[in-house]
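Q: What the sequence shown shows, in my numbering, is residues 7 to 337, in sequence order.
Just so it is clear, CB atoms sit at the ideal spot from N, CA and C, and this is done for glycine as well.
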Amino acid sequence: MKCMNKPGTKNLITDVDGIKIGNAEDEDVMTGVTAIVPDNAAVAGVDVRGGGPGTRETEALNPDCLVERVDAVVLSGGSVYGLEAAAGAVMALAKLGRGFQMKVIRVPIVPSAVLFDLGNAGNKEWGDMPPYRRLGMAAVETAGDDFALGNIGAGYGAAAGRIKGGLGSASLISADGVQVGAVFAVNPVGSVVIPGTRHFWAWSFEQDGEYGGFGPPEFQGDMPLDIPAESRLAENTTIGVVATNVTLTKSEAKRIAIMAHDGLARAIRPVHTPFDGDSIFAISTEKKELSEPRPFGVAKIGAMAADCVARSVARAVYNARSLGGVPGFMS
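(1) Would a C-beta distance cut-off of 9 angstroms place residue 11 and residue 178 closer than the cut-off?
(2) On the three-state DSSP scale, how would you describe residue 20?
(3) Considering only residues of the segment 169-229, which uninterrupted beta strand (DSSP E) runs meet the minimum length of 3 residues and lie entirely inside it, listed in chain order?
(4) Looking at residue 255 and the ligand MN, is the gap between the Cβ and the nearest heavy atom below 8 angstroms?
(5) Have a look at 268, 298, 187 and flag the residue whose alpha-carbon is nearest the alpha-carbon of residue 16.
(6) Which residues does DSSP list as the beta-bridge partners of residue 329?
(7) Considering only the alpha carbon of each residue, which of 66, 97, 77, 216 lies closest to residue 141?
(8) If contacts are defined as beta-carbon pairs under 8 angstroms, then residue 119 and residue 61 qualify, I think. What distance do you get, rounded to the angstrom?
(9) What's the C-alpha gap between residue 72 and residue 65?
(10) Can you list, in chain order, the residues of its chain whose CB lies under 6 angstroms from that of residue 31, leaving out five sequence neighbours each side?
(11) Check whether the segment 120-132 and the segment 288-305 are in contact - that is, three or more C-beta pairs closer than 8 angstroms.
(12) Assuming residue 166 and residue 192 form a contact by the criterion Cβ under 8 angstroms, report the distance between their Cβ atoms to the nearest whole angstrom.
(13) Please state the DSSP three-state secondary structure of residue 38.
(14) What's the call for residue 33, buried or exposed, on a 16-neighbour Cβ count within 10 Å?
(15) Could you give the distance in angstroms between the alpha-carbon of residue 99 and the alpha-carbon of residue 170?
(16) To the nearest angstrom, how far is the alpha carbon of residue 117 from that of residue 185?
(17) Looking at the unbroken beta strand (DSSP E) that takes in residue 30, where does it start and where does it end?
(18) Could you say if the segment 204-212 and the segment 302-317 meet the contact criterion of at least three C-beta pairs nearer than 8 angstroms?
(19) Strictly by DSSP, which residues pair up with residue 44?
(20) To the nearest angstrom, report how far apart residue 21 and residue 176 are at their CA atoms.
(21) Just the C-alpha distance for residue 308 and residue 333, rounded to the nearest angstrom, thanks.
(22) In whole angstroms, what separates the C-alpha of residue 55 from that of residue 168?
(23) From residue 322 to residue 109, what does the alpha carbon distance come to, in whole angstroms?
(24) Would you say residue 248 and residue 19 are within 9 angstroms of each other, going by their C-beta atoms?
(25) If you measure between the beta carbons of residue 243 and residue 268, is that distance less than 9 angstroms?
(26) Please state whether the Cβ-Cβ distance between residue 87 and residue 124 is less than 9 angstroms.
(27) Cutting at 6 angstroms between CB atoms, please list the residues of its own chain near residue 220, excluding the five before and the five after it.
(28) Please state whether the Cβ-Cβ distance between residue 74 and residue 256 is less than 9 angstroms.
(29) Per DSSP, residue 61 forms a beta bridge with which residues?
(30) Restricting to Cα atoms, I'd like to know which of 77, 195, 153 is closest to residue 104.
(31) With burial defined as no fewer than 16 other Cβ atoms inside 10 Å of the residue's Cβ, what is the status of residue 136: buried or exposed?
(32) Determine the DSSP secondary structure at residue 101, reduced to helix, strand or coil.
(33) Does the beta-carbon distance from residue 24 to residue 254 come in below 9 angstroms?
(34) Taking just the CA atoms, how far does residue 212 sit from residue 218?
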């Protein structure tokens, strides 16, 4: 009998053992932060594909660099201002006793990536104190197993072309106990929905009607490819994290991140444009050893991750509601 991968109990990245998520928003500014916090320092990798990325400490995740594990990954709105969210997360983690010990101080390792939501209707007159450091601390402090989707965390102020973007998540668990999950803040220049229809580009990967069950579209001609006219160019980016319970090396984690980008290509059209800063982190919580030869096991995890990414993108938009003049998918 054929074994099928199925979503976990929550259908969230927190179905992966050892992963917690925290979200914090500023409704006035119309922005937010998401913190992905493993129970213990975790092996991680990253792959950046977009033409306009905003990141922090991604170079440290290269397989030839000293850092072996991270204490959290932070996703944030705010573009360059949002990079300060990682500083807040560092402080919150240090208070929790996380990070490696350097004489009298703890040093948490927190890579991060940002998206551009500065052009939305929120109040950006914050003077010399943008909210992101505070939001980064709050996201870590509230990390837990359950969280909402849509207008929350790093996806709070996001837009996806003509409709509201948001935060999405999904999971898959194999018959032999391999757990894979994803969480993504979706703010692309490309379209998540097939233009002129109610159908998601990722329709074929849907599980249990998780984004409406609209099914396959009926094309009346060439498949549309143009950047949506409503997209705000250079105000974009989709960022996220995939996680697995399987023990990986840094090189293997990077390979998972590379493969996971296929999920963006399945869910957003076009993707990885010069206007996007698309970045994916991969985390291993090291709860399970591979039960098959490593290259085959890594390939399996990467394929599962790509599917979770595609579903997370669609779930982000499906669950987002109208905000700041940008209509939600269900409007």
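A: According to the data block:
(1) Result yes, Cβ atoms of residue 11 and residue 178 sit closer than 9 angstroms.
(2) Three-state DSSP puts residue 20 in a helix.
(3) If only uninterrupted beta strand (DSSP E) runs of at least 3 residues are considered, those enclosed by the segment 169-229 are 172-179, 185-192.
(4) As for the ligand MN, it is missing from this structure, which has no ligand bound.
(5) 187
(6) 332
(7) 97
(8) 5 angstroms
(9) 10 angstroms
(10) 38, 162
(11) no
(12) 6 angstroms
(13) It is a strand residue.
(14) exposed
(15) 32 angstroms
(16) 23 angstroms
(17) 25-32
(18) Contact check between the segment 204-212 and the segment 302-317: three or more CB pairs, one atom from each, fall below 8 angstroms, which counts as touching.
(19) 25
(20) 9 angstroms
(21) 33 angstroms
(22) 23 angstroms
(23) 43 angstroms
(24) yes
(25) No, these two residues do not count as a Cβ contact at 9 angstroms.
(26) yes
(27) Sequence-distant partners of residue 220 (beyond 5 residues in either direction) whose C-beta falls short of 6 angstroms from its own C-beta, in its chain, are 204, 205.
(28) yes
(29) 119.
(30) Looking only at 77, 195, 153, the smallest Cα-Cα distance to residue 104 is reached by 77.
(31) buried
(32) helix
(33) no
(34) 9 angstroms
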